[in-house]
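Novice: Chains as they are written, first to last, in our numbering: chain A, 1032 to 1162; chain B, 60 to 651; chain C, 5 to 187; chain D, 2 to 609.
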Amino acid sequence: MREIKTLADLKKKQEEMRSRIKLRDNAENPESLVQVKVAMATCGIASGAKEVMEYFVDELDKRSIRAIVTQTGCMGYCYAEPTVEITLPGQDPIVFGYVTVKKAGDIIEHYIKEGELVDGIIPQNYNTIKS
Amino acid sequence: MIELTIDKKKVQVEKGTTILKAARKAGVEIPTLCHFELCDMGIENKPGGCRICVVEVEGRRNLAPSCITEVQEGMVINTHNIRVLNARTTVLKLIISDHPFDCLVCARSGQCELQSLATQFNIRSLPYEGEQSRYRKDTSPSIIRDIDKCIMCRRCEMMCNEVQTVGALSAVNRGFMSVVAPAFEMNLEDSPCTYCGQCLSVCPTGALTEVDHTNDIIRALSDSSKTVIVQTAPAVRAALGEEFGLQPGTLVTGKMVSALKELGFDYVFDTDFSADLTIMEEGTELLQRLKAYLAGDTEVRLPILTSCCPGWVNFFEHNFPDLIDVPSTAKSPQQMFGAIAKTYFADKIGVNRKDLIVVSIMPCIAKKYECQRDEFKVDGNQDVDYSISTRELAAFIKEANIDFLNLPDADFDDPLGESTGAGVIFGNTGGVIEAACRTAYEIYTGKKLENVVFDNLRGMEGIRSAKVDFDGIELNIGIAHGLGNARKLLDEVRAGTSKYHAIEIMACPGGCIGGGGQPYHHGNSEILSKRAAAIYTEDERKTIRKSHENPSIIKLYKEFLGEPGSHKAHSLLHTEYFPKSNEVTLHLNGEI
Amino acid sequence: MSQNIKVNPEVYSFMEKKTGTDNVEVKVNLSKEKVDKINEICNMFDNEPRELINVLHEAQHEFGYLPAEVQDVIAHNLHISVAQVYGVVTFYSYFSMIPKGEHPISICTGTACYVRGAEKVLEEFKKELNIKVGETTSDGKFSINCLRCVGACGLSPVVLVGERVFGRVSPDGVKAILDEYRK
Amino acid sequence: MSKYKMHILVCAGTGCSSSESNLVCEILIDEVERKGLGGDVQIIRTGCFGFCEKGPIVKVLPDNTFYTNVKPADAKEIVDEHIIKGRKVYRLLYTDPESGEHLPDSKHMGFYQKQIRVALRNCGTIDPENIDEAIARDAYQALGKVITEMGPDVAINEIKSSGLRGRGGAGFPTGLKWEIARKNDADQKYVVCNADEGDPGAFMDRSILEGDPHSIIEAMAICGYCIGASKGLVYIRAEYPLAVKRLKIAIAQAHEYGLLGDNIFGTDFSFDISLKYGAGAFVCGEETALIHSMEGKRGEPTNKPPFPAQSGYLGKPTNVNNVETFANIPVIILKGAEWFSSIGTEKSKGTKVFALAGKINNVGLIEIPMGITLREIIYEIGGGIKNGKKFKAVQTGGPSGGCLTEKHLDIPIDYESLTASGSMMGSGGMIVLDEDDCMVSVAKFYLEFIVDESCGKCAPCRIGNKRMHETLKRITDGKGTQEDLDKLKNLSYVIKDTSLCGLGQTSPNPVLSTMEHFMDEYNEHVIDKKCRAGQCSNLLYYVISEEECIGCMACLRACPTHAISGEKKEAHVINQEICIKCGACMEKCKFDAITLRSDYPRVSVPIV
């Protein structure tokens, strides 16, 4: 079976395959990308962090926003779980609390795409959440 | 044409010429060691391994080996400045540092190219002494390998594989331990070696030498209870003189006979005589097969192959065991002589065969092995007791303090010393088949052959083919010398595509005149052609030039053998061949 | 074609060089199956003389080493002289005419391992097993070989026992490695 | 589209495999499956990350965590802590030797900071056994571009103007080589990839083949298209089983996709690759020897000309490049000659992969832009000399190369400057030596290698190197003379000047270069019979300390050669002329008064 008969075939194949290793390509230069960290400790998972994370992964990809979605340990804001930390390129990280799937949509639409702040920001001392 | 400067001399040569040859043209001789060439035969060895012939090419980073570096337009070459001389001398000292220092007792002393170079380079000290590579000495019936003396020039390997396609030798091991040897460093005797001796005829040192039987002969000569007779092969007389400083191609038949008599041989006979006898037997066989073939016998094996060359016999026994019924069954002249000497002649002089010592002087190394073959023994007594080479004879003459150059000419003794021109030309490639044609023509056609010279059978090309008109019947003759060429013709025979009725094969390039036992030609192919010319001259000088007209032969048949091909002739003058597998036979001192 | 050959190292000088022992017992048992196997290997490479090295690799893989008889059958199939085959076998250090031990020990003597003390490790193995490089212990359990750079320079000095890699081996650790296989 | 949220890359190069990275990988897979994360976490075996010193390496993405020295026992913890709980396993992170801090990702490690990975671009990033991952990272795009857009002449020109030079040794311009091969008309031509990496201490070719085999296949096809060859051969060391396996898989996959075989990209260009195995002969790295070896013969080199481009494999025009050279080709085609030539120095463009080894903290495979200094390599990338010892020299170019010393630390690394310093680029071995290394012994080591590997064809290499080695051995045994040093020099020059092939022509380099930079060490060995590094055991002396010795006479009685003299209750003395260095005295001494030293007080030796 010969899949690739033309250069166009190859390019198509590459497009298909690119997502498979996008994670790796992106990891090389995290500073230039949107970084989304979802707190996935027991408390986070219990309050739906897993779904939120999956939503971020799918949605960002769907909208072709180059971003890195990672999970992280408990950020210490257990009262506000699920919590998500977003770092836009060149900016300080901002932590959002009570992030539901719906809220995640807002965050993507407004903060990540437009840079507008949305509700639910948890004021914090940056030094404590060094990872 | 390309112009270049060698040692300040301008010289023009053709594109593709090596610096070495361009220098020769400019009159500059560059020393060489591994390089070897027989240009008329298309034989060349230039691995570029010894690095003795290096020269400085201006603008080049390192020194260039002149034997393999082709000239380029405008090259400026220095062949003997201090850089070059130091490099050459150092490399030579290195080569010598891995070479035994037993020149005084080396068989090759005086003829050794390494020794000559050491003299030429004025080597007076050996600063690079160190470990020497040591190997087992191997003695076969014909050849001694003392490869401690091997300098890896690879000439023997080239001869054995490329020219002769025997494949007995190969470079083995790596680095400092590399050497040329048979598979598994087994004895040469167990290898497919044919003893053609071409390896030792090109060896620059004493790494490969012949087994010397001179002392056995001296012992026999000094034993008063023995009658010692000698036969000399045709090619010996055309080359022996070279060992005494005579020009190549000088015939020394008479002096040689005198010398042999001085050495104390009771009778000095001629292998030419038995060469005539060979023609009678082989020619008869050829005609028988031919007649049968013409009569429509499809079983008959054609072409017929000559069988007088023992190297060739060994070769087909090893490589064409399926074709052993193709060659003529006639023994070689050496063995026919032995068989007649130890029967007919022994009876004549009333000596028991055990007390008759038959010595042969041969241009050949394989003859040493041939005379030891079981088929050529009666109750363990060999028909030919000792075979020595042209070189050994020369050394023997010198050892006996005989002033060879001032010897008078002498004649061969009767009855086994009488020969015809046909017997003489056995020494050249094409000679056997030409001699056979002279006789076969007359016997077949019943007509007299006016012109006995068959020019189309002569020459030096490796494979020749000619048509000979037998009064309306055209005979296709093939000739090959050198076993590689023989292999080509034999492959055709095996494939059933051979167009020939008869094929002459000689193992050595040039035939017997280029035999492994002849004086070293050092790559000068002119020497070979001069020897060949001398052989034809000897033929011309003979009044009788057809074997069947040799009075001694006629008498031999009348008195003793009856007809050619008779029962008696068959039992004495014919032999059989044995297939020899090339498979590894491990004769480890009977330890299997 | 089945035979037991007691090779006299006098005759087989390469063995003398490699083993230095008085007599080397080489058991050669070329059954018909083995000859067939060699033929099959040669056929795999179309009996092409230029595939000689690939053929030898396959044959050595099959038999563990390349005894004379195997080389002979290969020469026959490839229509080249057995001297030529032997010339090639003895040229390349990867090919061996001596069966390796049950646990072949290879010591990397590449530069990285050398500067981190491979030589002393090698000495220790030689001393511990009382054999030289290229030899096999009399019980056939171990053999020692050197190889050049396995590409694990971060672990130097490196020792391989069979396929297993031991890294950062010190002379003191040699005995422990051997003990593991001596059981 | 994959839904994997995390990737775990496990180095499956030879170095890491040797320290059980495969087991680590299996446990990771098991654990991930067991925790039901099979659909979220993808585990990939990749090629070499280069940081072999700290192997096995495990990298977790997307947060780019770089774990070092991962033992099978650590695998579960990585899954439990990092993957599930999102907490990095700090103890497995790389610790910066200076600050003592744990560095979370490779970007901040000195080892990677100065590197530019071109030839190694995919090593450690993709699964080498999966063509799709290679394609995602641009594999075969360059081939497509050359075949469908550029055409051979434009492509060759691109390579020429990139300034790419052969990475296997002498640095011949690659584009020029292709052009010559293209111009030679023949019914059949061959592209050969030299993967017979024999330099004892270099393993970049192996890493590329193990980590990114498709880059080589692609480059060979590009070369084939450019010079007009439809057959490619990889001459690969049989001692590289993993590289062989991955290359075979990659070739099969490329065939399956139609990227090898007939009518590639719908054109009439066909290309096929087969493997030829080396069998342990260093000399086969030389082109002509390599070709003879591929023809089933002894790997003996022959004179050039004829060059392989005129008459090579089976007498046909043949283009031979080494693995690293080929690995650069697709990138040059895709990113352009200008981009490539912007890296490096005036005459040496691009990057070079070095195998950094020896007495250095960060042993591994590094790829650096041409022109950075030795100092940067050793102290920044390499993390300095092991155990805080003093730097002595760097040996580059393997057995053909030479030593660079302290005074060379700031020269830019490229072909010309290395040659000018008496060394050479070679295949890229870089062995760091410290004060404990004896330079005469190092030269002897390389000569021993050469003696082992000389093919034996030409006399100067066969015998000359043997004599050089013997002479060096005499010197390290303390039996050397002044004359030996002169002989070494003359032999070196003659061997360089007269040897047949590159192996012999460069074999004296380690001697010449150590003699040039460390002549005082040679003189010490010869004249003072001293080895300052204490490496030459014959030049170590048993010395009795006057202070410690109580004169008990135990050593005196134990000495088999009566080399020890001294009265009871007085300090004894060993006569070094008679001492056979058996060590019996040291064993007997209960007061630790006898020590092994590289020097001894000469004046106080009485003649017995």
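Beta carbons are placed, not taken as given, at the ideal position from N, Cα and C, and that holds for glycine.
Please read all numbers here as calculations on a predicted model, not as lab measurements.
Could you give the distance in angstroms between the alpha-carbon of I210/B and the alpha-carbon of N232/B?
Specialist: 14 angstroms
Novice: Please confirm if the stretch 110-127 of chain D is in contact with the stretch 362-371 of chain D, defined as three or more CB-CB distances below 8 angstroms between the two stretches.
Specialist: yes
Novice: Any chance you could list the beta strand (DSSP E) runs of at least 3 consecutive residues sitting entirely within the stretch 310-373 of chain D, in chain order?
Specialist: 319-323, 352-359, 365-370
Novice: Nearest-angstrom Cα distance between T330/B and S283/B?
Specialist: 25 angstroms
Novice: Going along the chain, which residues of the stretch 22-56 of chain D sit with their C-beta nearer than 9 angstroms to a C-beta in chain C?
Specialist: C49, F52, C53, E54, K55, G56
Novice: Within a Cβ cutoff of 7 angstroms, which residues of the same chain sit near P461/D, ignoring the five residues on either side of it in sequence?
Specialist: V495, I496, T499, S500, G505
Novice: Please state the DSSP three-state secondary structure of L364/B.
Specialist: Correct three-state label for L364/B: strand.
Novice: Do we get a CB-CB distance below 7 angstroms when we pair I532/B with the residues of chain D?
Specialist: no
Novice: Along the stretch 147-181 of chain C, what residues have a CB closer than 8 angstroms to any CB found in chain D?
Specialist: L151, R152, C153, V154, G155, A156, C157, G158, L159, S160, V162, V169, G171
Novice: Bridge partners for T141/C per DSSP, in chain order?
Specialist: For T141/C, DSSP records no beta bridge to any residue.
Novice: Could you please tell me which residues of the stretch 58-88 of chain C, in chain order, have their CB closer than 9 angstroms to any CB of chain B?
Specialist: A72, E73, Q75, D76, V77, A79, H80, I84, S85, V86, A87, Q88
Novice: Determine the burial state of E296/D: buried for a count of at least 16 other Cβ atoms within 10 Å of its Cβ, exposed for fewer.
Specialist: buried
Novice: Use the C-beta contact count for R604/B: other C-beta atoms within 10 angstroms, 16 or more gives buried, fewer gives exposed.
Specialist: buried
Novice: Identify, in the order they occur along the chain, each residue of the same chain with its Cβ nearer than 8 angstroms to the Cβ of C171/B, setting aside the five sequence neighbours on each side.
Specialist: C162, C165, P263, T264, G265
Novice: Count Cβ pairs between the stretch 42-62 of chain C and the stretch 199-209 of chain B that sit closer than 8 angstroms; are there 3 or more?
Specialist: no
Novice: Would you kindly work out how many angstroms separate the C-alpha atoms of L153/B and Y187/B, rounded to a whole number?
Specialist: 6 angstroms
Novice: Roughly how many angstroms separate the alpha carbons of A545/B and I522/B, rounded to a whole number?
Specialist: 8 angstroms
Novice: Consult DSSP for M245/B and reduce its assignment to one of helix, strand or coil.
Specialist: coil
Novice: Can you tell which of D75/D, K393/D, I265/D, P306/D has the C-alpha that lies nearest to the C-alpha of K89/D?
Specialist: D75/D
Novice: What does the alpha-carbon distance come out to for the pair K146/D and R475/D?
Specialist: 60 angstroms
Novice: By alpha-carbon positions, which one of N440/B, H633/B, V287/B ends up nearest to G624/B?
Specialist: With respect to the C-alpha of G624/B, the residue from N440/B, H633/B, V287/B having the closest C-alpha is H633/B.
Novice: Please state whether DSSP places R278/B in a helix, a strand or coil.
Specialist: helix
Novice: Using beta carbons (cut-off 7 angstroms, strictly below), is L121/B in contact with chain D?
Specialist: Looking at the sequence shown, residue 121/B is not Leu but Asn. Yes, because at least one Cβ of chain D sits closer than 7 angstroms to the Cβ of N121/B.
Novice: Can you give me the start and stop residues for the alpha helix (DSSP H) that I209/D sits inside?
Specialist: 205-212
Novice: Do I135/C and I109/C have their C-beta atoms closer together than 7 angstroms?
Specialist: no
Novice: What does the alpha-carbon distance come out to for the pair E1116/A and V1067/A?
Specialist: 6 angstroms
Novice: Locate the beta strand (DSSP E) running through P242/D, then write down its first and last residues.
Specialist: No beta strand (DSSP E) holds P242/D; the alpha helix (DSSP H) holding it covers 242-257.
Novice: State yes or no: is the beta carbon of E1034/A nearer than 7 angstroms to at least one beta carbon in chain D?
Specialist: yes
Novice: Note down, in chain order, every chain B residue with its Cβ under 8 angstroms from the Cβ of Y185/C.
Specialist: Ordered by position in chain B, no residue passes the 8 angstroms Cβ test against Y185/C, which lies about 31 angstroms from the chain.
Novice: Which value, in whole angstroms, describes the spacing of the CA atoms of D487/D and G503/D?
Specialist: Here the alpha carbon of D487/D sits roughly 24 angstroms from the alpha carbon of G503/D.
Novice: If we define contact as Cβ-Cβ less than 7 angstroms, is I1138/A a contact residue for chain D?
Specialist: no
Novice: Among the candidates Q88/C, R168/C, D40/C, C112/C, whose CA atom is the shortest distance from the CA of L151/C?
Specialist: Ranking the options by Cα distance to L151/C, first place goes to C112/C.
Novice: Is the beta carbon of K178/D closer than 7 angstroms to that of Y236/D?
Specialist: Their beta carbons are not under 7 angstroms apart, which means Y236/D does not touch K178/D by this criterion.
Novice: Evaluate contact between the stretch 297-311 of chain B and the stretch 359-372 of chain B, counting only Cβ atoms and requiring at least three cross-stretch pairs below 8 angstroms.
Specialist: no
Novice: Express the C-alpha separation of L353/B and V359/B in angstroms, rounding to a whole number.
Specialist: Straight-line Cα distance between these residues: approximately 10 angstroms.
Novice: Please determine, among Y416/D, E368/D, K72/D, V544/D, the residue with the shortest C-alpha to C-alpha distance to V574/D.
Specialist: V544/D
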